[in-house]
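For the record, in the sequence shown the residue sitting at position 94 is 104 according to my numbering, with numbers rising by one throughout. Heads up, the beta-carbon is just placed ideally off N, CA and C, and yes, glycines get one too. Predicted, not measured: the structure shown is a model, and the values here were computed from it. A short write-up of the structure that comes next.
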Amino acid sequence: MVEDSTRCLRRIGFSLAPVVLALAGCTAGSGEGLDAGGRPISGPPAGNSDFQEIQDTIFTPICTVCHAGANAPVGLRLDAANSYAMLVNVASVEAPGTLRVNPGNPGASYLVHKIEGTAATGARMPANGPPYLSQAQVDLIRGWIAAGALAAQQPGSVLLVTSSIPGPAETAPSGTNKLMLVFNAAVDPARANVNSLELRDATDQIVPIASAVVPPGRANVVEIALGAPLAAGSFQLAARGSGPAPLADMAGRVLDGDADGAAGGDWLIPFDVAGGTR
Ligand code: HEC
Numbered sequence: 011m012v013e014d015s016t017r018c019l020r021r022i023g024f025s026l027a028p029v030v031l032a033l034a035g036c037t038a039g040s041g042e043g044l045d046a047g048g049r050p051i052s053g054p055p056a057g058n059s060d061f062q063e064i065q066d067t068i069f070t071p072i073c074t075v076c077h078a079g080a081n082a083p084v085g086l087r088l089d090a091a092n093s094y095a096m097l098v099n100v101a102s103v104e105a106p107g108t109l110r111v112n113p114g115n116p117g118a119s120y121l122v123h124k125i126e127g128t129a130a131t132g133a134r135m136p137a138n139g140p141p142y143l144s145q146a147q148v149d150l151i152r153g154w155i156a157a158g159a160l161a162a163q164q165p166g167s168v169l170l171v172t173s174s175i176p177g178p179a180e181t182a183p184s185g186t187n188k189l190m191l192v193f194n195a196a197v198d199p200a201r202a203n204v205n206s207l208e209l210r211d212a213t214d215q216i217v218p219i220a221s222a223v224v225p226p227g228r229a230n231v232v233e234i235a236l237g238a239p240l241a242a243g244s245f246q247l248a249a250r251g252s253g254p255a256p257l258a259d260m261a262g263r264v265l266d267g268d269a270d271g272a273a274g275g276d277w278l279i280p281f282d283v284a285g286g287t288r
């Protein structure tokens, strides 16, 4: 793994032993307290860029070989658009009593158990290893979780949908009874409800949505539960940025559904549901 001094500097602010060890390899002296663009580091906590580094150096190159798309093992997608929303404060499928990532608690995070090979169920990750992750890579993930498992920074002046499950034009497994939206900012839970969403089938009939909620500890996510598993066929989900009940973020900014840089418009996602035993 190539490490430049900028990357090392981004980690300053952690008092964790593994991070201190990682810093030992950094070029000392130049630019302390400055970000990649040479600007003073002010607001964003160090954990933000750590998650970006984990994504870029571990999840994307090593894990998405398997953990991507509609057939990702145990539904865990680790591509950049979905990994955070599918890890932090989400229950493990293999060990439902344990969160995949428990902010502040690396030892109680199933992700850590899986990469260290201490999980009670299944293989050590990556499942096509060895090689497994190096101690430095494990420590990077542990350090990020210990520091609160912060998201990578997502600057922007409008609220956008950044991902969905199923993704656009994807084929969801048969029996699908929940959908998920991921946003670039914290969604106002009071504005996320059955009225701010609409699901239609191929004949344009409305399919009932049972509930739409921002789950605890997952401020950028809206989970949609359907009244019944979807039949095989084609569907379109609309997330509303227009009409009487648009989605909005905590600052009151309404969804930019048509991604034209201004609030308003509905975000549409067409997808299919597989039939039978596929
Ligand atoms: C060769 C395919 C493959 C690769 C590469 C892979 N995984 Fe997995 N992963 C699986 C499979 C299959 C399962 C389910 C069975 C098992 O646990 O052995 C799984 C399960 C998991 C789980 C359990 C999720 C839960 O909800 O219980 C985690 C966490 C995980 N993987 C993380 C990772 C990480 C992190 C990487 C990259 C470092 C990775 N995996 C790379 C195939 C893979």
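Problem - Ala-105 vs Tyr-94 beta-carbon contact at 7 Å - result: The sequence position of residue 105 within the sequence shown is 95, counting from 1. The sequence position of residue 94 within the sequence shown is 84, counting from 1. Contact: no.
Exercise for the section: Specify the secondary structure class of Tyr-71 as computed by DSSP and reduced to three states. Expected result: Within the sequence shown, the letter at position 61 stands for residue 71. According to the sequence displayed, residue 71 carries Pro and not Tyr. Three-state result, Pro-71: helix.
Handout entry: Beta carbon nearer than 5 Å to a non-hydrogen atom of the ligand HEC
Key = Ile-72, Cys-73, Val-75, Cys-76, Pro-83, Val-84, Leu-86, Ser-102, Val-103, Glu-104, Leu-121, Lys-124, Gly-132, Ala-133, Met-135, Pro-136, Ala-137 and Asn-138
Exercise for the section: Output the residue ranges of the alpha helix (DSSP H) runs that lie fully inside the region 106 to 143 and measure 4 residues or longer, sorted by chain position. Expected result: 120 to 126
Handout entry: Three-state class that DSSP yields for Gln-246 in the structure shown
Key = Counting from 1 along the sequence shown, the entry for residue 246 is found at position 236. Residue state, collapsed to three classes: strand.
Practice task
Kindly list the residues whose CB is nearer than 6 Å to the CB of Asp-282, restricted to its own chain and excluding five residues on each side of it in sequence; keep chain order.
Solution key: Locating residue 282 in the sequence shown gives position 272, counting from the first residue. Contacts found: Thr-181 and Ser-244.
Problem - CA nearest to the CA of Leu-209, picked from Asp-198, Ser-167, Ala-249 and Asn-99 - result: As a working note, residue 209 is residue 199 in the sequence shown. For Leu-209, the nearest C-alpha among the options comes from Ala-249.
Practice task
Can you give me the start and stop residues for the beta strand (DSSP E) that Arg-210 sits inside?
Solution key: Taking the sequence shown and counting its residues from 1, one reaches residue 210 at position 200. Here the beta strand (DSSP E) through Arg-210 covers 207 to 211.
Problem - Helix, strand or coil at Pro-280 [DSSP, three-state] - result: Along the sequence shown, read from residue 1 onward, the residue named residue 280 stands at position 270. Three-state result, Pro-280: strand.
Problem - Ser-173, DSSP secondary structure in three states - result: Sequence index remark: in the sequence shown, residue 173 carries index 163 (1-based). Here Ser-173 sits in strand by DSSP.
Exercise for the section: May I ask you to report which of helix, strand or coil DSSP gives Met-190? Expected result: Mapped onto the sequence shown, residue 190 falls at position 180. If DSSP states are grouped into helix, strand and coil, Met-190 belongs with the strands.
Practice task
Report yes or no: do the region 218 to 226 and the region 145 to 159 share at least 3 C-beta pairs separated by less than 8 Å?
Solution key: no
Practice task
Return the Cβ separation of Thr-74 and Leu-88 in integer angstroms, given the expectation that the two are a contact with Cβ distance under 8 Å.
Solution key: As a position in the sequence shown, residue 74 is number 64, starting the count at 1. As a position in the sequence shown, residue 88 is number 78, starting the count at 1. Correct: roughly 6 Å between the Cβ atoms.
Handout entry: Of the listed residues Phe-61, Ala-284 and Glu-63, nearest to Ser-184 (C-alpha basis)
Key = Here the question's residue 184 lines up with position 174 in the sequence shown. Per the Cα distances, Ala-284.
Practice task
Please name the residue in Ile-279, Gln-65, Gly-267 and Phe-61 whose C-alpha comes closest to that of Val-168.
Solution key: Stepping through the sequence shown from its first residue, residue 168 is reached at position 158. Nearest C-alpha to Val-168: Gly-267.
Practice task
Kindly give me the distance between the Cβ atoms of Ile-68 and Gln-147, rounded to whole angstroms, as I take these residues to be in contact under 8 Å.
Solution key: What you label residue 68 is simply residue 58 of the sequence shown in a count that begins at 1. What you label residue 147 is simply residue 137 of the sequence shown in a count that begins at 1. Confirmed, Cβ separation roughly 6 Å.
Problem - Among Met-260, Ile-72, Gly-274 and Ala-90, nearest to Ser-173 - alpha-carbon criterion - result: The count along the sequence shown starts at 1 and reaches residue 173 at position 163. Out of Met-260, Ile-72, Gly-274 and Ala-90, Ala-90 has the C-alpha closest to the C-alpha of Ser-173.
Handout entry: Where Asp-198 falls: helix, strand or coil (DSSP)
Key = Residue numbering aside, residue 198 sits at position 188 when the sequence shown is read from its first letter. Reduced to three states, the DSSP call for Asp-198 is coil.
Problem - Cβ contact (3+ pairs, closer than 8 Å) linking the region 184 to 203 and the region 250 to 258 - result: yes
Handout entry: Residue from Glu-233, Asp-66 and Ile-125 whose Cα sits closest to the Cα of Met-96
Key = For the purposes of this step, residue 96 is taken as residue 86 along the sequence shown, with counting starting at 1. Closest option to Met-96, Cα to Cα, is Glu-233.
Problem - Cβ-Cβ separation, Val-217 to Leu-189 (assumed contact under 8 Å), whole Å - result: As a position in the sequence shown, residue 189 is number 179, starting the count at 1. As a position in the sequence shown, residue 217 is number 207, starting the count at 1. Not a contact, Cβ separation roughly 11 Å.
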